[in-house]
Every structure is written in C-alpha cells, then in structure tokens.
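Per our numbering, residue 2 is the first one in the sequence shown, and the count goes up by one each step.
Here a beta-carbon is modelled for each residue, glycine too, at the ideal position from N, C-alpha and C.
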Amino acid sequence: MKLTPGSSATGWRAPSRIGQVRPSHLMTTAGIGSVVDLPTMSVIVRSLDAWSPERQETIQEPRLLTEVQRVLGQQVRALRKAPWDPSETDDPYTRIGVPVTPFPGWVRCPRCHRLGPLDPPGQFELVHRYGRRPDLAKWVHAQCQKQATTRDVNKRACVPARFIVTCERSGHLDDFPYVEFVHANATQPCGGAKLTMIDSASTLGPQVTVKCAECGAARSIQEAAGQDGWQKLPVCRGRHPHQQRFEPCGANLRLMVLGASNLWFSVTASALHLPQSESVEDQVRSHWEIFEEVPSQKFLQMMVDGMNELRGLRSVPSEELWAVVEKIRAAGGPRTSEGSGDLLEDEWRLLAKPTTQRQDADFRAVPTATPAGYDQLLEQVVQVTRLREVQALVAFTRISAPDRRDLAPRNRVSLSRGTIQWVPAAEQRGEGIFLQLREDAVAHWASKVADHPRLIALKQAHQRWCHNRAQPYQPGFPVARFVLLHTFSHLLMRQVALECGYSSSSIRERLYIGRPAQPAAGLLLSTAASDSEGTLGGLVALGSARYLKRLLDQSLEDAARCSSDPLCAEHIPEDPSDTLHAAACHACLFASETSCETNNRWLDRAFLVDITGDGLAFLS
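What follows is the structure in structure tokens.
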C-alpha cells in the first residue's frame, strides 16, 4: 500500500509506502472503499481512478469477464491483478502499489487527548521511516505539551478517531461531525474549537466525552447512538472518501465505530477455470484482449512466436489464425448471448460428468466410490485434485450485506468516479470435493414438503426481507432445495475443517441448484491459496470413501442436536422478523463469512434430519 496525495490532510506531495496486504484481501476484506487498520494508522483504499496500471498483469478468464461485462457494461476490457514490483525496490516514492489515503481524517493524541483533523496540516505531522519498515509510518501530535521535548520520531503515534458516520441509502462515509455535535447546544459560537476526547472505557458509553477547551462545551457520544441517534446529527453530505468527492444526498446519518464488521461488504463474482476445447477459435476467444488490437497478419505471427501464453497456437498457419481473428472482430468480439448470467451452469456440467478429456494443469477431477450406506443420498463423489478460482471485485456495499450471487444490489457503490475499464481480480489454486445428491430423491422430497408450515414461514420471511431492503422478490426461488443443500454443505464443511488441516475460514462452499428447467443438486467444498503450486491435498484426501463415510456419519449425528436446543430447534421466523434461517445458530451451523455463499442465510437442520417430528426431514 502507498499513501497518496489527493488530500491536503496528508501534507504529502508524492506517494509513500506505509504497509502491505495480501492480493486476495483486496477481494474480501481490504478492497476499494474499505477502511484498513494498519499498525499505526487507519486508511481507506482509493478508487480505480487513482490506481496506476504499471505492473498489473492481466488474468485470462473469459467466462468471468463476460459476467463482469454483463453487470458493469461492455466497456470493461480486462481483469487485472494487484500491482506488484518484481525488483522489490526500496524506493519509498515508487508508483507501484495500491493507493490509499488517511481515513478517518481526525486523530487523537494518546498523551494529551487532543482531538483534531489532519487537514489543515501543522497540528499533526506524518513521520515516515524509509527503507524496509513502511509499517513504522505514523501521525504524531507536533504541538503536544506533554511531549514537547521529545523528537517527533520518538513521539507516541496518534490513534484514529474511533467514530464515523455513514448512510445506508447510498453508501456514503464521512468523519463524525465533532465540532457541530459538541457545539449544537452552545448559546454563543466558539471562537476556535480545540477539542479533547476522554475515552476511559473500551465500549460505547457515557465515558466517551468530547469537550471543547475554548468554550467548555461537552457532550457524550452516546447521544448519537441508537435508533434515534440520527436526530442529533446533521444530514448526510454525500461524501465518498475513496473517490475523493461529494454528491447530493441529505439522508439520515448513522453512527458507527471504526472497524465495525458491517462497514464494508464486497460484491464479487467468481468462476472456476474450466478446460477449453482445442479449437483455434476457442483459444483466440480466451486470449481476445491480446488479439483485439493486432493490426496485421505479419504482426500477429510475431506476437504468437514471442508470447508464452500463446505457444499453443504456434503450429497454426498464420493465414488460418488471421482469418479467425478477423471473424471474431467482425462479430464485435467474443461476446456470449444474453442469458441468466449464471456462471455455475458450465461448472455443473463438467463436475457432474467428469472426464479425462477435459483436464489440464488447472483442473483435474476424478470420480471416486460413494461411501457405503449413502447410495440413496449421493449420486456420486468427485475428488477435484486441482482447481483454479478467479475472483473479481465488482462493487461494494455498506451496512447491509448483499447476497453472494447478487452482483447488482440496490445499495452498491461504484469502484470508480468515471467509467470502469477494468476491475481488480485475484486467482488462487487449490483442491476440493464435489458431492452430487440424487436428483430423483431431492425432487420427490421438495414436492412433498411444498406446503409445510416451516417452509411457508421461510418464504414469508423472504418476502419481508426483500421488502425491507427494496429488493425484488423472486417467488419461484426453490427454497426447499436450496435450504436442504446449504444445510448439508455447512454440516459437512464444519466437520471437514476439523480433519483436513486447513482453517475453517479457508474452506469455501459452492452450491449448484440449477434452473427450474434444469434443476441441479450439488456442492463443492474447496480451499485455495495464492501460491502457484496451490494447496497440499489435505482436503481432497477426505473425499475417499473410507474417510468421507465417517465425516458424513458425524455430520448427521451433529445435526440431530445443538447445545442451544430447544431454542435453536424450535426457532421459526415470524412476522415481523425477516430472519432467513430457522434451526441454525453459531453452535451448530453458522460458518465464517468467507466460507458461506449467503452470509449464513437459508439454513435449517430440520430440513435434513428429524428434530421436530413433523415429517419435514429429508432423512426421516
């Protein structure tokens, strides 16, 4: 990460390194618009307008690029990796890196409790040690009376002000209006606000008090908290700090604590690499970003001979290759026909019918024996010994989390001030286990429980959930099928995490439910790493029958009971609740946010095993 100019608060006229994050974190926890907590300061990742295209390699994944174009427009031309510097230069002014800017713009001195803004500079100064310790950059209180004799480099680092405000309507984010808030009840205007924050407690409460040293006005932050706290705050002024701009808004503000988990949610699209056919046209389509601007046949042959990623086309005559390029160019590019935008359909076809003819260095799938006693539940088990997943950041939201499969939520925020030409992406390699349930058994059970009160309660809660968030309601959503598959996935995922050697947060689920005309019932549990060699095989080994039977037995045994029963087992969402789960809680089914596709929604143990005695369970 590099601290960039663009705000007078920095007092910095050139970019400077201040820390680092993993490339995968730019998709999940430290993406554009998110507030990143570094060791000595807090920063926000800036929009694509501030990024430099230097050292950003292109990721080739045509299926995912097509999906991103469907959401953001055909002007998106590429998926790009995070910028990196192969020489690992120590130059602190290098342009290579992810641009960030300080946020919040207010800090507090831990010695004298002075609370003030970084803009204008002078009261607080940035102290930066060059070399291999960019994490030592810090803000110090240059005018602190308790550290007057201490050199700036040895002064204690100021801490970011812990309160910010946001509005849910448009995803705006802003500094807490400390000056206006403290002087709201003052009879006379203050000549020069000099604020202090006394924060003697670790939680929000009356101990967090902001006071003006000039006029003596003081106020507790607790007054701005709660459902009615917006009444004590001004209206939103429409600030997007990641874009460095304001826009008209006027919505009610909401107090938030810096570091809150609902401050940023990523909107991402992901796709598994599927082996392409060996036709020349398919290979040209998969590398169309390279072929798009080729001016002549002569230049085309030179490019194919000089690029390693095109070595598979070197045996193709240049006339034939040029004819294919001209054909695709005349058609307007390798655009697919408009459809549902579901990336999972092609993956389902390949995983449900794995073959050795459709394998390469990034995808290998081998069917294995079904565990004894589960022939009526499972159609087949497939060990995916090699997979590659590409994930692209499309947008983000604040306060309310979108559905993982919803790439255009109502409250999404753009990654750029202008037209988006490319989006950041990351690729990981790993392994997985694919389980396909028997379609005849699932279809028969779903039709049998269509009018069950517990299922109807979940559908009604879904209507309230969509209404409360101004989202379109889909009456044809297969609730029974999805809850069954999702619950089964979470039970198995929690059990696998105990034995595979990977942390529970590193295991991800991928659910396949198909479409009404072509239903599906399958799940893929996978783990991946950014290393080019992928993972070590601890997960895929559990797909063999002798290990998987024990895991399934234990999963179903755990599903029959929960330490929170009977409260957990008897829970059903009732009006006005819009909770989208029933018999599920942190003790039995919930998984980490990085693992679950739907943010722990659509879960109910009663759909899988009999815990209520009402005939709902799939395994009665």
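For the set Pro-454, Arg-495 and Ser-507, the Cα lying nearest the Cα of Ile-573 is the one of Pro-454.
Closest in alpha carbon position to Cys-501, among Thr-167, Arg-482 and Gly-544, is Gly-544. In this structure, Leu-352 sits away from Phe-300, with a CB-CB distance that is not shorter than 7 Å. Scanning Asp-605, Pro-100 and Cys-250 for the CA closest to the CA of Glu-169 turns up Cys-250.
Lys-449 counts as exposed, since fewer than 16 other beta carbons sit within 10 angstroms of its beta carbon. Non-local C-beta neighbours of Ile-514 in its own chain, meaning closer than 8 Å and more than five positions away in sequence, comprise Pro-479, Arg-482, Phe-483, Leu-486, Pro-520, Ala-521 and Ala-522, ordered along the chain. A contact between stretches requires three or more CB pairs, one per stretch, nearer than 8 Å, and the stretch 146–165 fails this requirement with the stretch 182–192.
Under the three-state reduction of DSSP, Pro-410 is assigned to coil, being neither helix nor strand. DSSP lists Thr-398 as the bridge partner or partners of Phe-266. Cβ-Cβ separation between Gly-106 and Asp-176: approximately 5 Å, consistent with a contact (criterion under 8 Å). Closest in alpha carbon position to His-241, among Ile-45, Pro-403 and Leu-322, is Ile-45.
In terms of Cβ geometry, Ser-271 and Gln-377 do not form a close pair [threshold 7 Å].
About 7 Å separates the Cβ atoms of Glu-575 and Ala-458, confirming a contact at the 8 Å cut-off. In this structure, Thr-167 sits near Met-257, with a CB-CB distance shorter than 7 Å. DSSP places Asp-559 within a helical segment (H, G or I) once states are collapsed to three.
The stretch 278–295 makes contact with the stretch 321–336: 3 or more CB pairs, one atom from each, lie closer than 8 Å.
Burial of Glu-510 is indicated by the presence of at least 16 other C-beta atoms within 10 angstroms of its C-beta.
The alpha-carbon separation between Met-494 and Ser-505 amounts to approximately 8 Å.
The C-alpha of Ser-490 lies about 46 Å from the C-alpha of Met-304.
Assigned with DSSP and collapsed to three states, Cys-213 falls in strand. By the Cβ neighbour-count rule, Val-367 is exposed, with fewer than 16 other Cβ atoms within 10 Å of its own.
Residue environment analysis places Gly-307 among the exposed positions, since fewer than 16 neighbouring C-beta atoms fall within 10 angstroms of its C-beta.
Per the Cβ contact rule, the stretch 461–479 is in contact with the stretch 576–585 (3 or more Cβ pairs under 8 Å).
Between Ala-584 and Asp-605 the beta-carbon gap is near 5 Å, inside 8 Å, which marks them as a contact.
Positions of the beta strand (DSSP E) runs, each at least 3 residues long and wholly inside the stretch 356–397, are given as 365–369 in order along the chain. In the structure shown, the three-state DSSP call for Ala-462 is helix.
Residues Gln-298, Leu-301 and Gln-302 of the same chain have their beta carbon placed closer than 7 Å to that of Ser-319, with the five preceding and five following residues left out of the count. As the crow flies, the alpha-carbon of Val-211 is around 32 Å from that of Ala-402. In the DSSP assignment, Val-69 falls outside any beta strand (DSSP E) and lies within the alpha helix (DSSP H) extending over 63–73. Gln-76 is the residue among Gln-76, Gln-124 and Trp-603 whose C-alpha sits nearest the C-alpha of Gly-334. The continuous beta strand (DSSP E) containing Lys-139 extends over residues 139–142.
Between the beta-carbon of Arg-413 and that of Ala-426 there is about 18 Å, and that puts the pair past the 8 Å contact cut. DSSP, reduced to helix, strand and coil, places His-468 within a helical segment of the structure shown. Between Ala-225 and Leu-234, the gap from beta carbon to beta carbon is short of 7 Å. Just so you know, the alpha carbons of Ala-219 and Cys-213 end up roughly 6 Å apart. For Leu-524, the enclosing beta strand (DSSP E) starts and ends at 520–530.
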